[in-house]
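Residues in the sequence shown are numbered consecutively from 268, following this note's numbering.
Cβ coordinates follow ideal geometry from the N, Cα and C atoms, glycine included.
Comments concern the structure below.
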Amino acid sequence: MRQNIGPLLGGTPTLLKSQLDSVATASASAGGMVVPVARRDSELISVRHRRRRSIPEDQPVTAHRQINRHSRLVGGCLAVVLTSAACGGSDDSGSGAGADAGGLISVSYGTAGTPVVYGSILPHVADEEGIYEKYGLEVTFQNFANGADSLRAVVGGQLDAAMTSTSNLVNVVAQGAEVKAMAGMDKPDYYIATTDPSISSCEDLAGQTIGVDQTGGARYNGTVAMLASCGLTVDDVTFVNFAGPPIIQALVQGQITVGTMHYDEEAFIETTTDVALEEVISLVKDVNPNTHYVEQVAMTDYIEENRDTVVRLTAAYIEANDFIRDPANIDRFAEIAAEHNGQPIEVARQSIELFLEFEFWPEGSGIDDGAKFQGVIDEQIGAGAVTEAEAPAYEDMVDLSIYEDAMELVGSTN
């Protein structure tokens, strides 16, 4: 069993309602050490796939929650024509994704966070709003502790598609895995925040203790980049491993005064406590706009064999993204988010407002800017995660033609 100190992908596993009182009433002078919550490891449920790849033994894949949604196709077959019939016909791509008895195509999908994080909530919105069903899909979810685990499950053949972080994608493609992004989100929301009013600039962080995830994690790497913008290095600060609920607890209880945050963590603190939190520096707004966040991915061979399915999946992604971006849907979106991440509804709504203001969910594909991917590639090289010789190119990681076909499908369906 290993401790869950926070996912590597978008947002954070937020505190459950049952944890609310203990955090909201925590004393700022509390002296006990906040211990990250240990996560339960359960056996990954295998999903049939045409090809399987072995996952290295030192890289275990753990599924924490499996969600099955058995949808019915209302009103007969979906009138969608792309490369094959949606119902009653065969997938010309030689689909490994089978259709159920109701004519829906089955897809297994990995999301990140236990509970689900905001960087991985979009597919659940597509499911809850019936968008997958609209495009003739039945999606089964497995939620992982982080995006690295969900991506390993895709590479290993246990899943058809997943949400993962761009840094994870860079790493596995550098190792030879043929994985492609179809759509994504291009603005990491990492920022350093403090409860100490005397800290107001990046330079003021010298000598401070900062809460992050583990060394080499996405939150940690973002922190290093933010510190570097004002000439500070890892030797100028002390890092402690807090992410998700533990970093919220540590800040509220006064055990740390500085942490690298996500907006939903800020929303929880502001909504449920009297602790004042101030932003010191933002990765995207203040330091490096040329960086990237997360994407929907699948193996190249799965895409080739199930092109129609992958286009449908991406069309549903596009519609869910449009739904999320529309402020008129914020109340319904908050209901869905609260159901899947365990937040109180008022925290979910405040989180979404902050994310929308930040433009967390982009207009368009979110994967069409090669400079942003190159920024992550350079970060991974600098961190020693990949070498310059093995680092992938933008074209090795992205297939924009899927998004283009999906846009045509959305246009012809609506």
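query = For proline 594, which residues of its own chain have a beta-carbon under 7 Å away from its beta-carbon, when the five flanking residues on both sides are left out?
reply = By one-based count along the sequence shown, residue 594 stands at place 327. Excluding sequence neighbours, proline 594 sits near Leu623.
inquiry  = Buried or exposed, going by whether 16 or more other CB atoms sit within 10 Å of the CB of threonine 539?
reply    = Position 272 of the sequence shown holds residue 539. Flag for threonine 539 reads buried.
task = Pair every Cβ in the stretch 629-647 with every Cβ in the stretch 424-442, then say whether three or more of these pairs are closer than 8 Å.
result = yes
query = Would you call the stretch 395-408 and the stretch 524-536 touching, i.e. three or more CB-CB distances under 8 Å?
reply = no
query = When burial is assigned at 16 or more other CB atoms within 10 Å of the CB, is isoleucine 570 buried or exposed?
reply = For the purposes of this step, residue 570 is taken as the residue at position 303 of the sequence shown. Classification of isoleucine 570: buried, given that the 10 Å Cβ count is 16 or more.
ask   = Do you know whose CA, among Ala492, Gln475 and Thr476, lies nearest glycine 483's CA?
value = Counting from 1 along the sequence shown, the entry for residue 483 is found at position 216. Nearest of Ala492, Gln475 and Thr476 to glycine 483, Cα basis: Ala492.
inquiry  = Taking 8 Å as the threshold (C-beta atoms), are glycine 397 and arginine 579 in contact?
reply    = As a working note, residue 579 is residue 312 in the sequence shown. As a working note, residue 397 is residue 130 in the sequence shown. Going by C-beta atoms, arginine 579 is not nearer than 8 Å to glycine 397.
ask   = For the candidate residues Ser679, Asp663, Leu676 and Ala673, whose alpha-carbon lies nearest to that of alanine 441?
value = In the sequence shown, the residue the question calls residue 441 occupies position 174. Ranking Ser679, Asp663, Leu676 and Ala673 by Cα distance to alanine 441 puts Asp663 first.
query = To the nearest angstrom, how far is it from the Cα of threonine 581 to the Cα of methionine 566?
reply = Indexing the sequence shown from 1 puts residue 581 at position 314. Indexing the sequence shown from 1 puts residue 566 at position 299. When rounded, the distance between both Cα atoms is 14 Å.
ask   = Once you ignore the five residues that flank leucine 621 on each side, which residues in its own chain have a CB closer than 8 Å to its CB?
value = As a working note, residue 621 is residue 354 in the sequence shown. Tyr530, Asp531, Glu533 and Ala534.
message = With three or more C-beta pairs closer than 8 Å as the rule, is the stretch 541-550 touching the stretch 467-478?
response = yes
CA nearest to the CA of proline 611, picked from Glu537, Gly649 and Thr680 = As a position in the sequence shown, residue 611 is number 344, starting the count at 1. The candidate whose alpha carbon is nearest that of proline 611 is Glu537.
ask   = Ends of the alpha helix (DSSP H) at phenylalanine 640?
value = In the sequence shown, residue 640 corresponds to position 373, counting from 1. Element bounds for phenylalanine 640: 637-649.
ask   = Which same chain residues, not among the five before or five after glutamate 445, have their C-beta less than 8 Å away from its C-beta?
value = For the purposes of this step, residue 445 is taken as the residue at position 178 of the sequence shown. Cβ within range, chain order: Met566, Thr567 and Asp568.
task = Report buried or exposed for lysine 639, applying the criterion of at least 16 other Cβ atoms within 10 angstroms of its Cβ.
result = Taking the sequence shown and counting its residues from 1, the one referred to as residue 639 is at position 372. It counts as buried.
query = Can you give the Cα-Cα distance for serine 668 and alanine 473, rounded to whole angstroms?
reply = Residue mapping note: residue 668 aligns to position 401 of the sequence shown, counting from 1. Residue mapping note: residue 473 aligns to position 206 of the sequence shown, counting from 1. Rounded to the nearest angstrom, the two C-alpha atoms are 46 Å apart.
inquiry  = For leucine 426 and valine 554, I'd like the C-alpha separation in whole angstroms.
reply    = Reading the sequence shown from its first residue, position 159 is the one you call residue 426. Reading the sequence shown from its first residue, position 287 is the one you call residue 554. For leucine 426 and valine 554, the distance between alpha carbons rounds to 35 Å.
task = Assign phenylalanine 590 to one of three DSSP states: helix, strand, or coil.
result = The residue you call residue 590 lines up with position 323 of the sequence shown. It is helical.
inquiry  = Using DSSP's beta-bridge definition, name the partner residues of valine 446.
reply    = Working through the sequence shown from its first residue, we reach residue 446 at position 179. DSSP, once it has assigned bridges, lists Met566 as partnering valine 446.
key: Complete runs of the alpha helix (DSSP H) confined to the stretch 430-483 [at least 4 residues]   = 433-441
query = When you compare only the Cα positions, how much space is there between glycine 489 and tyrosine 457?
reply = By one-based count along the sequence shown, residue 489 stands at place 222. By one-based count along the sequence shown, residue 457 stands at place 190. Spanning the two alpha carbons is a distance of roughly 7 Å.
message = Judging by CA-CA distance, which residue of Thr500, Tyr487, Val653 and Asp502 is the nearest neighbour of phenylalanine 509?
response = As a working note, residue 509 is residue 242 in the sequence shown. Cα-wise, what sits closest to phenylalanine 509 is Tyr487.
request  = Please classify serine 737: does DSSP put it in a helix, a strand, or coil?
outcome  = Only positions 268 to 681 of the chain appear in this structure, which leaves residue 737 out of reach.
request  = Let me know the beta strand (DSSP E) ranges lying completely inside the stretch 520-555, each 3 residues or longer, listed in chain order.
outcome  = 525-528 and 545-549
query = Where does glutamate 626 fall in DSSP's three states?
reply = To locate residue 626, count along the sequence shown from 1; it is residue 359. Here glutamate 626 sits in coil by DSSP.
request  = Look at the Cβ atom of alanine 615, then the Cβ atom of leucine 544, and state whether they are nearer than 8 Å.
outcome  = Within the sequence shown, numbered from 1, the residue matching residue 615 stands at position 348. Within the sequence shown, numbered from 1, the residue matching residue 544 stands at position 277. No, the pair does not count as a contact, with Cβ atoms beyond the cut-off.
query = Among Leu518, His391 and Gln475, which one has its Cα closest to the Cα of valine 501?
reply = Numbered from its first residue, the sequence shown carries residue 501 at position 234. Nearest C-alpha to valine 501: Gln475.
message = Quick check on serine 417: does DSSP put it in helix, strand or coil?
response = Mapped onto the sequence shown, residue 417 falls at position 150. Note: serine 417 maps to helix in three-state DSSP.
task = Assuming alanine 379 and glutamine 563 form a contact by the criterion Cβ under 8 Å, report the distance between their Cβ atoms to the nearest whole angstrom.
result = Taking the first residue of the sequence shown as position 1, residue 379 is located at position 112. Taking the first residue of the sequence shown as position 1, residue 563 is located at position 296. So it is not a contact: roughly 12 Å between Cβ atoms.
task = Please check if any C-beta of chain C sits within less than 8 Å of the C-beta of lysine 447.
result = Of the protein chains in this structure there is only one, and it is not chain C.
task = Return the residue from the list Glu400, Gly633 and Ala393 that minimises the CA-CA distance to asparagine 557.
result = By 1-based counting over the sequence shown, the position of residue 557 is 290. If we check each option's Cα against that of asparagine 557, Gly633 comes out closest.
request  = In the DSSP assignment, find the unbroken alpha helix (DSSP H) run with valine 691 in it and report its ends.
outcome  = No information on residue 691 is available, as it lies outside the stretch 268 to 681 that the chain covers here.
key: Contacting residues, own chain, Cβ-Cβ under 8 Å from histidine 391 (five flanking each side not counted)   = As a working note, residue 391 is residue 124 in the sequence shown. Only Thr378, Val383, Phe408, Ile603 and His607 meet the Cβ criterion.
inquiry  = Please classify threonine 505 as buried or exposed, where buried requires at least 16 other C-beta atoms within 10 Å of its C-beta.
reply    = Counting from one through the sequence shown, the residue named residue 505 turns up at place 238. Counting Cβ neighbours within 10 Å, threonine 505 comes out exposed, since fewer than 16 surround it.
key: Cα-Cα separation, glutamate 613 to glutamine 516   = Along the sequence shown, one-based indexing puts residue 613 at 346. Along the sequence shown, one-based indexing puts residue 516 at 249. Rounded to whole angstroms, glutamate 613 to glutamine 516 spans 19 Å at the Cα level.
ask   = Out of curiosity, what's the CA-to-CA distance linking glycine 649 and alanine 656?
value = Stepping through the sequence shown from its first residue, residue 649 is reached at position 382. Stepping through the sequence shown from its first residue, residue 656 is reached at position 389. Glycine 649 and alanine 656: Cα-Cα distance of roughly 13 Å.
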